[in-house]
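Visitor: What the sequence shown shows, in UniProt numbering, is residues 1 to 119, in sequence order.
Glycine included, every Cβ here is placed at the ideal spot set by N, Cα and C.
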Amino acid sequence: MIKRGRGQEISQKYFNFLDDHIEKVITGEVQDFFELNQIASRLAISHQHLSDTIKAELGHHPCHFYDLKIIEKAKEMLLKEKISVSEVARRFTYDPSNFSKFFKNWTGETPGSFRKKNI
């Protein structure tokens with residue numbers, strides 16, 4: 001049996017939490033995205049410990065991965081669901097123009113151009 005370190009365990013719990021939480025926001029089960037300190041609290045560790053562990057294990061701050069998972073899910077929705085970009089933004093609790101800026105900052109293109117290019 002492979003022994004997993006505490007850092008790997010915390011990282012896995014963090015990513016599992018993000019997947020579940022993002023899905024709950026999209027479906028409306030949860031109204032807003034949690035702040036990092038709220039996530040750390042749900043994982044029964046301090047905000048600082050979560051930040052330090054994720055950065056040590058994976059090389060980036062937890063917020064980097066939080067945003068990345070949101071972008072990955074948004075891309076999936078843009079390609080698989082027949083809803084407007086504005087509706088995708090709304091489901092992610094964003095104003096459409098802010099969502100477009102956020103998406104473009106991560107991908108280099110707007111949600112609309114991403115959809116057109118990939119469908």
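Could you compute how far the alpha carbon of F102 sits from the alpha carbon of L78?
Guide: In the sequence shown, counting from the first residue as 1, residue 102 sits at position 102. In the sequence shown, counting from the first residue as 1, residue 78 sits at position 78. Roughly 15 angstroms between the two C-alpha positions.
Visitor: For A44, which of helix, strand or coil comes out of DSSP?
Guide: Here residue 44 refers to the residue found at position 44 when the sequence shown is read from its first residue. In the structure shown, A44 sits in coil (DSSP, three-state: anything other than H, G, I, E or B).
Visitor: Helix, strand or coil: how does DSSP classify D67 here?
Guide: Here the question's residue 67 lines up with position 67 in the sequence shown. Helix, per DSSP.
Visitor: Using only alpha-carbon positions, find the residue among G112, N105, K69 that is nearest to I83.
Guide: As a working note, residue 83 is residue 83 in the sequence shown. For I83, the closest of G112, N105, K69 by C-alpha to C-alpha distance is G112.
Visitor: Any chance the segment 88-96 sits against the segment 37-46, with 3 or more Cβ pairs inside 8 angstroms?
Guide: no
Visitor: Please check the pair K69 and I22, which I expect to be a contact at CB under 8 angstroms, by giving their CB distance rounded to whole angstroms.
Guide: Looking up residue 69 in the sequence shown gives position 69. Looking up residue 22 in the sequence shown gives position 22. Sure, about 6 angstroms apart at Cβ, within 8 angstroms.
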